[in-house]
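In the UniProt record's numbering, the protein residues as written are 1 to 526.
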């Protein structure tokens, strides 16, 4: 017998993948009417950090590159089995992505490049015995004992000069001052990827960028089930019932310039994306540098509600350390294929079969990746697009005598071409290019050192109708900065608030697999 949801409303604050996933789980697994599900998004487009937009004339932009993993994205794949492909509705998104990935497998032949423009042999991780012992000790130390320790509190200087660190740090965007707890979780969660970190064979690619390949099909699926989308709507605050416990009674928002309050009735639910890794993003151009933004509505909403009730986390640990969480990406649109031809010859990878190419001696620690083309649904055949980023945007370039953060798109591209030793073709390449830089002040805020309790539980203790589903809620053993974290949080929130007794796909525990442990040990001595 199905549950009676008559009159009940569910409000998702934020239109990213977590909210879309939560709405899909409500419909698929709970039988909840789509017309009673509301997604409120500040921007004019859904997808949150899963973005991808542009055209030939103005250039294409993706703020970040998102990797999927076949073995660890347990709930994401479960969900994508249920979402039909836009291009072939007889296939699920899961089937479409796996078919594409099987046809275009990843095997990087040029993972690291040195200052001479030469591909580095990365068959060895480069560890010494102190590095190995520190890694084992980190994995075995309980999180409670690690506290707010940073990675560079745990490892000596040698560790940060190893091939492993250059590859691991740029694959997952770790910095030495980030949380040792997060590194520990990553090492456990992706332990099975350790032996192939130099080729990134475990990466699963989508046919297009993630907005076109995942967000658009999910949006269509939800629309067909009657879900209500309210765009350009900013939720600013929540009111709570007096006394102990956590019950939201009113939601404040701004729509079309008007401040409005919505009173919740008994049985209504509020599911919030608290904090945002891409909030405050700013775009530059070929002739201008991006600006450094600051807190917006997502962080301010979290600050407002955390000040009212205990157990709702501490946003300051993540939002007040921009110097530790920012870096800069760039998307380059070419009107011809010259750069791609040179890169294919240099890397020995066709576009879409390689992975990150990292310039290990770059002062910006710059990396680029050439995806399979086209990377956008509306991208003409003669146009090519690639993405890159620098982890140290406030350092002076090796060839351009400016901080990356002060550089125009043309200057960033010039620095890159020098690292590749493509000087002979530089004028031709730049003439065909539109490089759009993007500064992101909070892009790795979720990695900042934190204390227990700084991230609220998905469903806080005492909550009757409030849940959190961002990269800044707490899921034991799982790793932030992944699609899976958002999808898992959404599933936990929906099932938990509605009392649904259905299984949530468990986290694969590779640290207890003898074969995986043995392979990791052997790799550490390569």
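Heads up, the beta-carbon is just placed ideally off N, CA and C, and yes, glycines get one too.
For residue j and residue i, the rounded distance between their alpha carbons
i, j, result
"residue 273", "residue 443", "15 Å"
"residue 347", "residue 229", "44 Å"
"residue 173", "residue 400", "23 Å"
"residue 351", "residue 5", "49 Å"
"residue 511", "residue 196", "17 Å"
"residue 158", "residue 240", "51 Å"
"residue 391", "residue 364", "6 Å"
"residue 127", "residue 91", "45 Å"
"residue 429", "residue 423", "10 Å"
"residue 179", "residue 329", "22 Å"
"residue 398", "residue 129", "33 Å"
"residue 403", "residue 421", "20 Å"
"residue 297", "residue 459", "21 Å"
"residue 503", "residue 320", "37 Å"
"residue 506", "residue 382", "44 Å"
"residue 374", "residue 337", "12 Å"
"residue 478", "residue 189", "7 Å"
"residue 461", "residue 55", "47 Å"
"residue 295", "residue 345", "43 Å"
"residue 238", "residue 252", "6 Å"
"residue 278", "residue 49", "6 Å"
"residue 103", "residue 96", "11 Å"
Outcome for residue i when other beta-carbon atoms lying within 10 angstroms are tallied against a minimum of 16
i, result
"residue 257", "exposed"
"residue 452", "exposed"
"residue 81", "exposed"
"residue 396", "exposed"
"residue 210", "buried"
"residue 303", "buried"
"residue 14", "buried"
"residue 217", "buried"
"residue 40", "buried"
"residue 515", "exposed"
"residue 1", "Residue confidence for residue 1 is low, a pLDDT of 41 falling below 50, so the modelled location carries little weight and cannot support an answer."
"residue 114", "exposed"
"residue 116", "exposed"
"residue 341", "exposed"
"residue 88", "exposed"
"residue 393", "buried"
"residue 476", "exposed"
"residue 263", "exposed"
Cβ shell of residue i (< 7 Å), same chain only, five flanking positions each side left out
i, result
"residue 288", "408"
"residue 455", "313, 472, 473, 474"
"residue 147", "451"
"residue 78", "505"
DSSP three-state assignment for residue i, whether helix, strand or coil
i, result
"residue 298", "helix"
"residue 152", "helix"
"residue 1", "Model confidence at residue 1 stands at a pLDDT of 41, short of 50, so the residue's coordinates are unreliable; what they give is reported in the following sentence. Three-state DSSP puts residue 1 in coil, outside helix and strand."
"residue 414", "helix"
"residue 405", "helix"
"residue 347", "helix"
"residue 395", "coil"
"residue 250", "strand"
"residue 475", "coil"
"residue 282", "strand"
"residue 168", "helix"
"residue 263", "strand"
"residue 312", "coil"
"residue 387", "strand"
"residue 71", "coil"
"residue 84", "strand"
"residue 26", "helix"
"residue 16", "strand"
"residue 101", "helix"
"residue 163", "helix"
Any non-hydrogen atom of the ligand PLP closer than 7 Å to residue i Cβ
i, result
"residue 64", "With respect to small molecules bound, the structure shown includes none, and the ligand PLP cannot be examined in it."
Residues near residue i in its chain [Cβ-Cβ closer than 6 Å; skip 5 each side]
i, result
"residue 213", "206, 207"
"residue 332", "386, 433, 435"
"residue 200", "106, 108, 355"
"residue 449", "148, 150, 179"
"residue 463", "246"
"residue 27", "34, 225"
"residue 47", "211, 215"
Residues of its chain near residue i, where Cβ-Cβ distance is below 8 Å and the 5 sequence neighbours each way are ignored
i, result
"residue 122", "111, 112, 163, 167, 198"
"residue 243", "none"
Chain C contact for residue i (CB, 8 Å cutoff)
i, result
"residue 4", "Absent here is chain C; the protein component of the structure consists of one chain."
Any chance the stretch 493–510 sits against the stretch 457–476, with 3 or more Cβ pairs inside 8 Å? Verdict: yes, contact present.
Answer yes if the stretch 179–187 comes into contact with the stretch 141–152, meaning at least three C-beta pairs across the two stretches below 8 Å, and no otherwise. Judged by pairs of C-beta atoms under 8 Å, the stretch 141–152 touches the stretch 179–187, as three or more such pairs exist.
Could you say if the stretch 12–28 and the stretch 162–177 meet the contact criterion of at least three C-beta pairs nearer than 8 Å? Two segments are said to touch when three or more pairs of C-beta atoms, one from each, lie closer than 8 Å; by this definition the stretch 12–28 does not touch the stretch 162–177.
If contact is defined by three or more beta carbon pairs under 8 Å, each pair taking one atom from either stretch, is the stretch 475–485 in contact with the stretch 65–73? Judged by Cβ distances under 8 Å, the stretch 65–73 makes contact with the stretch 475–485, as three or more pairs qualify.
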